[in-house]
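To start, the structure under review is shown below, and the notes come after it.
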Amino acid sequence: MNTTEIKRRIEGAKDLDFGTIFNQSIELFKKVWVQGLVTLLLNIVLAIPVIMIVYIPLLFFGFINALTINNSYDAYDSYGQSGMGFAFGLVFLVVYIFLIVAMSAIGLGLKAAFYRICKLKDLEQMGNEDYFYFFKKPYLGKTIKLGVAFAGIAILATLLCFVPIIYAVIPLSFIVVVYAFNPDLSVSEIVKLGFDLGNKKWLISFGLMFISGFLAMIVGLVMCGFGVYVTSSFSYLPAYFVYKDVVGFDGEFDEMRQIEQ
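Going by our numbering, the first residue of the sequence shown is number 536, and it counts up by one from there.
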């Protein structure tokens, strides 16, 4: 599906029903809660080596910085100490940015793959539950670039204080959904379409995501704490159904409109 067609569908989107989407999310969750748990566990597993890689240079420069301070009167003057401190701060900043981007790319790729699995279960289609679909050669580079864009927008919105990040969380959620079902579009097109859909359906999307996220947390805590890992994917599902109702999938969108007419 091309960008022009997706934009046309977003601009001409009908009003959505909160209750219908919420109920659909519950029914789909019954089918994909295992896949949602696997996605979360994979996210944790993949994050471990990234964190280990990040800590190695930090520990090394921290050790060097400690030696610098301990031997400052013997080998270094105050200028040398300040220079080493600046170098450590610069390394920390670079490593921290790398960590954010890496975690963003991992989370985005796995979540996009989860949405593809959701489509299979929702439409009862046959297909492979490929959790690493977006980490393979055709899409790995784009997943990383989207991770950079995703992290950059989130950081900028956070720096602009509380209100912008509340607004941005909805378009950011739709960026992942748009990527899941339109991976051949460019990074800029995916980001723009995510914001177009987020702006168009912001209020109902925010309400759905807030309620579903809150319920997922409460039910998870009732299930002895660990249940949060099981129920967390429920909060992802409203975005899928908003996208499905507004944009749809090739062929199925037109069939749905014919049935409504």
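Where a beta carbon is used, it is the ideal one built from N, C-alpha and C, also for glycine.
Is it the case that the Cβ atoms of Gln559 and Phe649 are separated by a distance below 8 Å? In the sequence shown, the residue the question calls residue 559 occupies position 24. In the sequence shown, the residue the question calls residue 649 occupies position 114. In this structure, Phe649 does not lie closer than 8 Å to Gln559 by Cβ.
Note down the Cα distance separating Val781 from Pro673, rounded to an integer number of angstroms. What you label residue 781 is simply residue 246 of the sequence shown in a count that begins at 1. What you label residue 673 is simply residue 138 of the sequence shown in a count that begins at 1. If you take the alpha carbons of Val781 and Pro673, they lie about 27 Å apart.
Evaluate Gly507 with the Cβ neighbour count: other Cβ atoms within 10 Å of its Cβ, from every protein chain shown; 16 or more gives buried, anything less gives exposed. This structure cannot speak to residue 507, because the chain is shown only from 536 to 796.
Would you mind stating whether Ala692 and Val726 have Cβ atoms separated by less than 8 Å? For the purposes of this step, residue 692 is taken as residue 157 along the sequence shown, with counting starting at 1. For the purposes of this step, residue 726 is taken as residue 191 along the sequence shown, with counting starting at 1. Cβ atoms of Ala692 and Val726: not closer than 8 Å.
Can you give me the Cβ contacts of Ile705 inside the same chain, cut-off strictly under 6 Å, excluding the 5 residues immediately before and after it? On the sequence shown, residue 705 is found 170 positions in, with the first residue counted as 1. Hits under 6 Å: Gly733, Trp737, Ser740 and Phe741.
Let me know the secondary structure DSSP gives Leu720 once reduced to three states. For this step, residue 720 is matched to residue 185 along the sequence shown. It is coil, neither helix nor strand.
What do you reckon, are the CB atoms on Lys549 and Asp731 nearer than 8 Å? The residue you call residue 549 lines up with position 14 of the sequence shown. The residue you call residue 731 lines up with position 196 of the sequence shown. Contact flag unset, no.
For Ser613, count neighbouring Cβ atoms within 10 angstroms of its own Cβ and tell me buried if that reaches 16, exposed if not. Within the sequence shown, residue 613 is the residue found at index 78, counting from 1. In this predicted model, Ser613 has a pLDDT of only 49, less than 50, meaning its place in the structure is not dependable; the value taken from the coordinates is given anyway. Flag for Ser613 reads exposed.
Beta-carbon proximity of Phe776 to Ile556, cut-off 8 Å: Here residue 776 corresponds to residue number 241 of the sequence shown, with the count starting at 1. Here residue 556 corresponds to residue number 21 of the sequence shown, with the count starting at 1. Result yes, Cβ atoms of Phe776 and Ile556 sit closer than 8 Å.
Compare the beta carbon distance of Leu572 and Asp657 with 8 Å and say whether it is the shorter of the two. As a working note, residue 572 is residue 37 in the sequence shown. As a working note, residue 657 is residue 122 in the sequence shown. Not closer than 8 Å, so no.
Pull up the distance between the alpha-carbon of Asp552 and that of Leu743, whole angstroms please. On the sequence shown, residue 552 is found 17 positions in, with the first residue counted as 1. On the sequence shown, residue 743 is found 208 positions in, with the first residue counted as 1. Roughly 10 Å separates the two Cα atoms.
Considering only C-alpha positions, which residue in the set Trp568, Arg544, Thr539 and Thr538 is nearest to Ile769? Residue 769 sits at position 234 when you count from the first residue of the sequence shown. First, the amino acid is wrong: residue 769 is Phe here, not Ile. The candidate whose alpha carbon is nearest that of Phe769 is Trp568.
Does the distance from the CB of Gly682 to the CB of Leu634 come in under 8 Å? As a working mapping, residue 682 is identified with position 147 in the sequence shown. As a working mapping, residue 634 is identified with position 99 in the sequence shown. No, Cβ-Cβ distance for Gly682 and Leu634 is not below 8 Å.
Measuring straight from C-alpha to C-alpha, what distance separates Arg544 and Gly554? Working through the sequence shown from its first residue, we reach residue 544 at position 9. Working through the sequence shown from its first residue, we reach residue 554 at position 19. Each residue's alpha carbon lies about 22 Å from the other.
Cβ-based neighbour list, Phe697, same chain, cut-off 7 Å, excluding 5 preceding and 5 following: Taking the sequence shown and counting its residues from 1, one reaches residue 697 at position 162. No residues qualify anywhere along the chain.
Between Leu497 and Ile641, which are expected to be in contact by the criterion C-beta below 8 Å, what is the C-beta distance as a whole number of angstroms? This structure gives no information on residue 497, because the portion of the chain shown stretches from 536 to 796.
Mapping the DSSP letters down to three states, classify Cys759 as helix, strand or coil. Residue numbering aside, residue 759 sits at position 224 when the sequence shown is read from its first letter. If DSSP states are grouped into helix, strand and coil, Cys759 belongs with coil.
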